[in-house]
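**Student:**
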Amino acid sequence: MAAELHVELVAADRSVWSGEATLVVARTASGDIGVMPGHQPLLGVLESGPVMIRTSDGGTVVAAVHGGFVSFADNKLSLLAEIAELSDEIDVQRAERALERAKSDADASAERRADVRLRAVATR
Amino acid sequence: MGAQLRVYKRRIKSVTATKKITKAMEMIAASRVVKAQRKVTASTPYATELTRAVTAVGTGSNTNHPLTTEPETATRTAVLLLTSDRGLAGAFNSNAIKAAEKLTARLEAEGKEVEIYIVGRRGVAHYNFRERKIAEQWTGFTDEPTYADAKKVAGPLIEAIEKDSAEGGVDELHIVYTEFISMMTQSAVDGRLLPLSLEEVAEEAKPKGGEILPLYDFEPSAEDVLDALLPRYVESRIYNALLQSAASKHAATRRAMKSATDNAGDLINSLSRLANAARQAEITQEISEIVGGTAALADATAGSDK
Numbered sequence: 001m002a003a004e005l006h007v008e009l010v011a012a013d014r015s016v017w018s019g020e021a022t023l024v025v026a027r028t029a030s031g032d033i034g035v036m037p038g039h040q041p042l043l044g045v046l047e048s049g050p051v052m053i054r055t056s057d058g059g060t061v062v063a064a065v066h067g068g069f070v071s072f073a074d075n076k077l078s079l080l081a082e083i084a085e086l087s088d089e090i091d092v093q094r095a096e097r098a099l100e101r102a103k104s105d106a107d108a109s110a111e112r113r114a115d116v117r118l119r120a121v122a123t124r
Numbered sequence: 001m002g003a004q005l006r007v008y009k010r011r012i013k014s015v016t017a018t019k020k021i022t023k024a025m026e027m028i029a030a031s032r033v034v035k036a037q038r039k040v041t042a043s044t045p046y047a048t049e050l051t052r053a054v055t056a057v058g059t060g061s062n063t064n065h066p067l068t069t070e071p072e073t074a075t076r077t078a079v080l081l082l083t084s085d086r087g088l089a090g091a092f093n094s095n096a097i098k099a100a101e102k103l104t105a106r107l108e109a110e111g112k113e114v115e116i117y118i119v120g121r122r123g124v125a126h127y128n129f130r131e132r133k134i135a136e137q138w139t140g141f142t143d144e145p146t147y148a149d150a151k152k153v154a155g156p157l158i159e160a161i162e163k164d165s166a167e168g169g170v171d172e173l174h175i176v177y178t179e180f181i182s183m184m185t186q187s188a189v190d191g192r193l194l195p196l197s198l199e200e201v202a203e204e205a206k207p208k209g210g211e212i213l214p215l216y217d218f219e220p221s222a223e224d225v226l227d228a229l230l231p232r233y234v235e236s237r238i239y240n241a242l243l244q245s246a247a248s249k250h251a252a253t254r255r256a257m258k259s260a261t262d263n264a265g266d267l268i269n270s271l272s273r274l275a276n277a278a279r280q281a282e283i284t285q286e287i288s289e290i291v292g293g294t295a296a297l298a299d300a301t302a303g304s305d306k
């Protein structure tokens, strides 16, 4: 059995996903970072972007994360985000509409949020 | 029907209507407590992880951040008071306000200037009525607070604490809210949010395992992580306080409405007894009138016979 790490993806008001994984790729302030089992203890600031979790049964879970933190210690990885959504939960049409609207309103943060959602869906 | 009896009947009817209303309010509050409690539980993982992370940075690096270092002499402090928008919750709001007043008095005795920030219409009304200055106020979400609301509240507070106290900023941040202990017990508590005493936070994080925290690798740097982490920490603490306050308010409402319903029941009971007595008195009077009438009539006929 390949080595595993335990992942907890929590948003401010709920626990989004938790389970065993073999690889987690997230975007920190200084670039993409991949965490595998046995990684050095790490605490980093997350940028808005998709987070890819390769589960131990070979599947892939993708989530859109809007700012937050990643911390890894004792083979336990915690992804903390104010808002986090799994790609299956994202309504593509709604996100596309939100993107259009944000573009026409020139609302940079809304545009970024919608863009992150769509990117998370695209990598699904 | 006699006048007396009619008055009793009317009062019984109106108390019965009131009882129905308070009973409904009690049941609504009971279901809301459960919902609010569930929200408190749902927000716990985030708060726990965040506390762990803050402890890790605080103990794993020797950075000096304005939000963790205590100023030599604190001159200005901010007090955040959480009340509710609506009343009918027994002593819920007055307890919270009293706790805030006590804290304010204590801080002022230490020679600090106190700025008050209030959540909830009840607290705002209390301070406005006494024409006291409120630094900032928020209303309209105390029944079901969301994380966005907590962010809205935390924003100006974090801004104030980052400013120098000479320029209208504050050195300390205290929070007064009602802690939800159980369905029957809620108590108003006050605590200092900032500057953060890391020992206390570490103490809080410890019971969950008691493990020694590993040496972390910070990405991009310990200062940057702490910079990003602390505002989130404050937000999550305020969010938790808002949720607990909401749960407490609903529990207090439930209790107040339960005793109102009980009292209405007692009142109906005693009123029905009075109404029964009045009815009985009326009947007795009628009988004695009839008897008296017949006797008088009998007397009169007996007299004419002679």
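As you go down the protein sequences, you meet chains B and Z in turn. By the working numbering, the letter at position 124 of the first sequence is numbered 124, and the numbering carries on one by one without gaps. By the working numbering, the letter at position 251 of the second sequence is numbered 251, and the numbering carries on one by one without gaps. For glycine and all other residues, C-beta sits at the position ideal for the given N, C-alpha and C. Everything numeric in this text was worked out from a predicted model, so none of it was measured.
What residues from the region 28-50 of chain Z come within 8 Å of chain B, judged by C-beta to C-beta, listed N to C?
**Tutor:** Lys39, Ala42, Ser43, Pro45, Tyr46, Glu49, Leu50
**Student:** Here's the rule I'm using: 16 or more other beta-carbon atoms within 10 Å means buried, otherwise exposed. How should lysine 208 of chain Z be labelled?
**Tutor:** Numbered from its first residue, the second sequence carries residue 208 of chain Z at position 208. Any answer about lysine 208 of chain Z is weak, because its pLDDT of 47 lies below 50 and its placement is not dependable; what the coordinates show is given next. Exposed, by the Cβ-count rule.
**Student:** Among B:Pro41, B:Ala11, B:Val25, which has the Cα closest to the Cα of tyrosine 46 of chain Z?
**Tutor:** Taking the second sequence and counting its residues from 1, one reaches residue 46 of chain Z at position 46. Comparing Cα-Cα distances from tyrosine 46 of chain Z to each of B:Pro41, B:Ala11, B:Val25, the minimum goes to B:Ala11.
**Student:** Check for me: the alpha helix (DSSP H) holding tyrosine 127 of chain Z runs from which residue to which?
**Tutor:** Walking along the second sequence from the start, residue 127 of chain Z turns up at place 127. 121-129 is the span of the alpha helix (DSSP H), which, as asked, contains tyrosine 127 of chain Z.
**Student:** State the beta-bridge partners of tyrosine 177 of chain Z as determined by DSSP.
**Tutor:** Translated into the one-based positions of the second sequence, residue 177 of chain Z becomes position 177. Tyrosine 177 of chain Z pairs with Z:Val189.
**Student:** List, in order along the chain, the chain Z residues whose C-beta lies closer than 8 Å to that of glutamate 96 of chain B?
**Tutor:** Walking along the first sequence from the start, residue 96 of chain B turns up at place 96. Near glutamate 96 of chain B there are no residues of chain Z at all, since even the closest Cβ is about 23 Å away, more than 8 Å.
**Student:** Does any CB atom of chain Z fall closer than 8 Å to the CB of glutamate 100 of chain B?
**Tutor:** Residue numbering aside, residue 100 of chain B sits at position 100 when the first sequence is read from its first letter. No - not a single Cβ of chain Z is within 8 Å of the one on glutamate 100 of chain B.
**Student:** Which ranges does the alpha helix (DSSP H) cover as unbroken runs of at least 4 residues, wholly within the region 26-109 of chain Z, from first to last along the chain?
**Tutor:** Fully enclosed alpha helix (DSSP H) runs of 4 or longer: 92-109.
**Student:** Enumerate in chain order the residues of its own chain whose CB-to-CB distance from glutamate 131 of chain Z is below 8 Å, with the five nearest sequence positions on each side excluded.
**Tutor:** Translated into the one-based positions of the second sequence, residue 131 of chain Z becomes position 131. Nothing listed; no residue qualifies.
**Student:** Note the first and the last residue of the continuous beta strand (DSSP E) segment covering aspartate 32 of chain B.
**Tutor:** Within the first sequence, the letter at position 32 stands for residue 32 of chain B. Start and end: 31-35.
**Student:** Buried or exposed: isoleucine 238 of chain Z, going by 16 or more other Cβ atoms within 10 Å of its Cβ?
**Tutor:** By one-based count along the second sequence, residue 238 of chain Z stands at place 238. With 16 or more other Cβ atoms within 10 Å, it is buried.
**Student:** Select from Z:Arg254, Z:Ala109, Z:Ala78 the residue whose C-alpha is nearest the C-alpha of lysine 133 of chain Z.
**Tutor:** The residue you call residue 133 of chain Z lines up with position 133 of the second sequence. The residue with the shortest Cα to Cα distance from lysine 133 of chain Z is Z:Ala78.
**Student:** Listed from N- to C-terminal order along the chain, which residues in the region 211-230 of chain Z have their beta-carbon within a distance smaller than 7 Å of any beta-carbon of chain B?
**Tutor:** Pro214, Leu215, Tyr216, Asp217, Phe218, Glu219, Pro220, Asp224, Val225, Ala228, Leu229
**Student:** Tell whether a beta-carbon distance below 8 Å holds between proline 41 of chain B and alanine 73 of chain B.
**Tutor:** The sequence position of residue 41 of chain B within the first sequence is 41, counting from 1. The sequence position of residue 73 of chain B within the first sequence is 73, counting from 1. A contact, by the Cβ cut-off of 8 Å.
**Student:** Only counting the same chain, and skipping five residues up and downstream in sequence, which positions put a Cβ closer than 8 Å to that of glutamate 179 of chain Z?
**Tutor:** Start at 1 with the first residue of the second sequence, and residue 179 of chain Z comes out as number 179. These residues qualify, in order along the chain: Gln186, Ser187, Ala188, Val189, Gln244, Ser248.
**Student:** Serine 187 of chain Z versus chain B: which residues are under 7 Å apart at the beta carbon?
**Tutor:** One-based indexing of the second sequence puts residue 187 of chain Z at position 187. By Cβ distance, chain B contributes nothing, its closest Cβ being about 25 Å from serine 187 of chain Z, past 7 Å.
**Student:** How would you list, in chain order, the residues of chain B whose beta-carbon sits under 9 Å from the beta-carbon of alanine 53 of chain Z?
**Tutor:** Residue 53 of chain Z sits at position 53 when you count from the first residue of the second sequence. In chain order: Leu43, Phe69, Ser71, Ser78, Leu80.
**Student:** Return yes when the Cβ of methionine 183 of chain Z is within less than 8 Å of the Cβ of threonine 22 of chain Z, no when it is not.
**Tutor:** On the second sequence, position 22 is the one that residue 22 of chain Z refers to. On the second sequence, position 183 is the one that residue 183 of chain Z refers to. No. Outside cutoff.
**Student:** Could you give the distance in angstroms between the alpha-carbon of glutamate 28 of chain Z and the alpha-carbon of leucine 271 of chain Z?
**Tutor:** Translated into positions along the second sequence, residue 28 of chain Z becomes position 28. Translated into positions along the second sequence, residue 271 of chain Z becomes position 271. Looking at the sequence provided, one finds isoleucine at residue 28 of chain Z rather than glutamate. Distance between the alpha carbons of isoleucine 28 of chain Z and leucine 271 of chain Z: 28 Å.
**Student:** Given that serine 30 of chain B touches chain Z, what residues does it touch there, using C-beta distances under 8 Å?
**Tutor:** By 1-based counting over the first sequence, the position of residue 30 of chain B is 30. Within chain Z, the residues near serine 30 of chain B are Glu219, Pro220.
**Student:** Assign arginine 14 of chain B to one of three DSSP states: helix, strand, or coil.
**Tutor:** Your numbering for residue 14 of chain B matches position 14 in the first sequence. Note: arginine 14 of chain B maps to strand in three-state DSSP.
**Student:** Can a CB atom of chain Z be found closer than 8 Å to the CB of alanine 11 of chain B?
**Tutor:** Mapped onto the first sequence, residue 11 of chain B falls at position 11. Taking CB atoms only, alanine 11 of chain B has a neighbour in chain Z less than 8 Å away.
**Student:** Give the residues of chain Z in contact with serine 15 of chain B, contact being defined as C-beta atoms less than 7 Å apart.
**Tutor:** For the purposes of this step, residue 15 of chain B is taken as residue 15 along the first sequence, with counting starting at 1. Going along chain Z in sequence order, the residues near serine 15 of chain B (Cβ under 7 Å) are Pro45.
**Student:** Going straight from the alpha carbon of glutamate 172 of chain Z to that of glutamate 235 of chain Z, what length do you get?
**Tutor:** As a position in the second sequence, residue 172 of chain Z is number 172, starting the count at 1. As a position in the second sequence, residue 235 of chain Z is number 235, starting the count at 1. Cα to Cα, glutamate 172 of chain Z sits roughly 16 Å from glutamate 235 of chain Z.
**Student:** Helix, strand or coil for glutamine 40 of chain B, going by three-state DSSP, please let me know.
**Tutor:** Counted from its first residue, the first sequence places residue 40 of chain B at position 40. In the structure shown, the three-state DSSP call for glutamine 40 of chain B is coil.
**Student:** Could you give the first and the last residue of the continuous alpha helix (DSSP H) run that contains glycine 155 of chain Z?
**Tutor:** Numbered from its first residue, the second sequence carries residue 155 of chain Z at position 155. Segment 147-162, the alpha helix (DSSP H) holding glycine 155 of chain Z.
**Student:** Could you tell me whether the Cβ of glutamate 47 of chain B comes closer than 8 Å to any Cβ of chain Z?
**Tutor:** Translated into positions along the first sequence, residue 47 of chain B becomes position 47. The Cβ of glutamate 47 of chain B sits no closer than 8 Å to any Cβ of chain Z.
**Student:** Give the single residue among B:Asp91, B:Arg119, B:Pro50 whose Cα lies nearest to the Cα of leucine 9 of chain B.
**Tutor:** Working through the first sequence from its first residue, we reach residue 9 of chain B at position 9. Residue B:Pro50 is the option with its Cα nearest to leucine 9 of chain B.
**Student:** State the CB to CB distance for the pair glutamate 49 of chain Z and serine 18 of chain B, rounded to an integer number of angstroms; the pair is presumed to be in contact (CB under 8 Å).
**Tutor:** Here residue 49 of chain Z corresponds to residue number 49 of the second sequence, with the count starting at 1. Here residue 18 of chain B corresponds to residue number 18 of the first sequence, with the count starting at 1. Contact doesn't hold; Cβ gap of about 11 Å is too wide.
**Student:** Starting from glutamate 136 of chain Z, trace the beta strand (DSSP E) both ways and give me its first and last residue.
**Tutor:** Sequence index remark: in the second sequence, residue 136 of chain Z carries index 136 (1-based). From DSSP, the beta strand (DSSP E) with glutamate 136 of chain Z extends over 136-138.
**Student:** Measuring only between beta-carbons, confirm whether leucine 20 of chain B sits less than 8 Å from chain Z.
**Tutor:** For the purposes of this step, residue 20 of chain B is taken as residue 20 along the first sequence, with counting starting at 1. It is worth fixing the name first, because residue 20 of chain B is glutamate in this sequence and not leucine. Not one chain Z Cβ lies under 8 Å of glutamate 20 of chain B.
**Student:** For proline 207 of chain Z, which three-state DSSP category applies?
**Tutor:** As a first step, residue 207 of chain Z must be located in the second sequence, where it is residue number 207. Any answer about proline 207 of chain Z is weak, because its pLDDT of 47 lies below 50 and its placement is not dependable; what the coordinates show is given next. Correct three-state label for proline 207 of chain Z: coil.
**Student:** Between glutamate 89 of chain B and chain Z, is any beta-carbon pair separated by less than 8 Å?
**Tutor:** Taking the first sequence and counting its residues from 1, one reaches residue 89 of chain B at position 89. No, its Cβ sits nowhere closer than 8 Å to a Cβ of chain Z.
**Student:** Under a CB-based cut-off of 8 Å, is lysine 208 of chain Z close to chain B?
**Tutor:** As a working mapping, residue 208 of chain Z is identified with position 208 in the second sequence. Its pLDDT being 47, under 50, lysine 208 of chain Z is placed unreliably in this model, and the coordinates cannot settle the point.
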